[in-house]
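Take 1 as the starting number for the sequence shown in the UniProt record's numbering and just add one per residue.
The block underneath contains the structure these notes are about, expressed in structure tokens.
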Amino acid sequence: MAKVELKNLEKVYGKFQAVHGINLEIEDGEFMVLVGPSGCAKSTTLRMIAGLERISGGEVRIGDDLVNDKAPGQRGIAMVFQNYALYPHMKVKNNLSFGLRLKHAPKDEIAAATDDVSHILEIEEYLERLPKQLSGGQAQRVAVGRALIKKPQVFLFDEPLSNLDAKLRASMRVRITDLHKRLLEEGMHSTVVYVTHDQTEAMTMGDRICVMKEGRIMQVADPYTLYQKPANAFVAGFIGSPEMNIGDATLGSDGTIRIGTQVLKLDEKTLSRIDKDAPSEVTFGLRPQSFDLVDPENGEGLLGRISHVEFMGHEIFLYVTVEDQSFTIVVPASGMEGQYQRDQQIRVKPRENAMHIFHRRTGENISLSA
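Here it is as structure tokens:
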């Protein structure tokens with residue numbers, strides 16, 4: 001079993017508390033992503049799981065073992081770092097097998113394991129090369145292979161793709177997730193804990209995602225739930241690209257919401273989701289993809305003016321100013337070339353059931369009650 005459990009985990013540096021008593025259960029064989037902005041303590045949390053940071057309070061359990069005081073080599077983990085951490089003087093085959101050679105594994109076992117791992121990661125042709133002769137993507141595959149060859153209970157990835165270009169990041173995302181699925185199919189239930197600041201990586205790779213902010217967990221859920229049912233305004237604004245439109249508004253007792261001086265009538269589905277004890281002063285959230293463009297002369301929707309237009313290929317991003325609030329609106333590009341211009345007046349209408357309502361002070365999503 002390779003379940004990872006964090007109980008009231010804390011990390012304190014002098015007078016500064018970096019991690020505030022977090023609780024998280026990662027199931028055997030699960031691919032868990034820790035995501036959040038720089039400084040949210042996701043890497044610190046990973047390093048405490050690995051044994052590279054001393055725990056200030058709480059517990060880390062791997063399987064049935066309490067590992068607080070165990071050395072990294074006794075925890076059944078393997079770690080892949082952002083900077084690859086390959087030995088520059090060793091050829092790829094020796095980098096791969098280094099851990100097994102340290103354990104004095106038999107030569108035939110080392111050779112078989114090296115062949116198997118290099119085949120899985122498609123790096124057979126690089127075995128005789130030095131790290132300096134590899135591209136970034138090739139070096140990262142070697143780093144993954146060096147972790148894989150140990151057959152650990154838990155794989156720990158600390159922003160492993162951040163040094164790669166966009167195309168390589170996309171291909172490596174697929175390789176790593178496919179590798180995890182293959183290991184599961186072959187009965188090797190290795191658990192993955194993967195740290196990234198890139199929400200696209202998080203959404204495309206994780207079985208579940210743990211969103212962190214300032215050393216606290218904001219929400220843990222599968223990608224669909226995070227996107228459709230964010231627990232608070234922070235998660236709503238962090239997950240999704242382009243990010244959610246968020247701003248201040250006033251809820252009316254007559255089933256309306258006022259944004260600036262403009263009033264929207266809320267649909268029945270949205271009204272049914274709003275906490276009956278919701279305050280009048282709230283924060284609204286609307287995804288850029290959740291608007292329809294309507295006739296500017298029509299009284300429904302929000303009237304605004306285009307401040308900027310970005311053609312993105314299959315989509316067009318419209319940056320729209322509605323009174324003193326800025327909105328990003330995403331519309332299909334097909335047949336729309338040249339239709340939208342800077343300073344053009346447009347009216348946008350939120351789709352049914354698209355609006356989220358957040359408590360303005362706490363940030364809690366109060367439109368999830370139904």
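Even for Gly, the Cβ is constructed at its ideal location relative to N, Cα and C.
- Where Val-320 is concerned, the enclosing beta strand (DSSP E) starts and stops at 315-322.
- Within a 10 Å sphere around the beta-carbon of Gly-51 sit 16 or more other beta-carbons, which makes this residue buried.
- Taken in chain order, the complete alpha helix (DSSP H) segments of 4 residues or longer contained in the stretch 78-148 are 92-102, 107-120 and 136-148.
- Around the beta carbon of Thr-261, fewer than 16 other beta carbons lie within 10 angstroms, which makes this residue exposed.
- In its chain, beyond the 5 residues on either side, Val-19, Gly-21, Ser-56, Gly-57 and Gly-58 have a beta carbon closer than 6 Å to the beta carbon of Glu-10.
- DSSP places Ala-249 inside the beta strand (DSSP E), whose first and last residues are 245-251.
- Burial state of Ser-118 is buried, judged by a 10 Å Cβ sphere holding 16 or more other Cβ atoms.
- At a Cβ-Cβ threshold of 8 Å, Arg-47 and Ile-62 do not count as neighbours.
- With distances taken between CA atoms, Gly-29 lies nearest to Leu-156 out of Gly-39, Leu-156 and Ile-120.
- With fewer than three CB-CB distances shorter than 8 Å, the stretch 160-172 does not count as touching the stretch 180-190.
- For the set Phe-358, Thr-283, Ile-366 and Pro-37, the Cα lying nearest the Cα of Thr-196 is the one of Pro-37.
- Shortest Cα-Cα distance from Cys-40 to any of Ile-357, Gln-138 and Val-211 involves Val-211.
- In this chain, the beta strand (DSSP E) harbouring Met-212 covers 208-213.
- Considering only Glu-214, Glu-300 and Leu-183, the residue with the shortest C-alpha distance to Arg-351 is Glu-300.
- Closest in C-alpha terms to His-308, from the list Arg-175, Phe-327 and Phe-31, comes Phe-327.
- Sequence-distant Cβ neighbours of Ala-354 in its own chain, meaning closer than 7 Å and more than five residues away, are Leu-286, Arg-287 and Ser-290.
- Just so you know, the alpha carbons of Glu-186 and Ile-176 end up roughly 15 Å apart.
- The way I'd put it, the stretch 83-99 does touch the stretch 120-139; three or more beta-carbon pairs between them come closer than 8 Å.
- By the Cβ-count criterion, Arg-141 is buried, with 16 or more other Cβ atoms from all chains shown falling within 10 Å of its own Cβ.
- For Ile-357, the uninterrupted beta strand (DSSP E) run begins and ends at 356-359, by DSSP.
- As a beta-bridge residue in DSSP terms, Ala-221 pairs with Ile-209.
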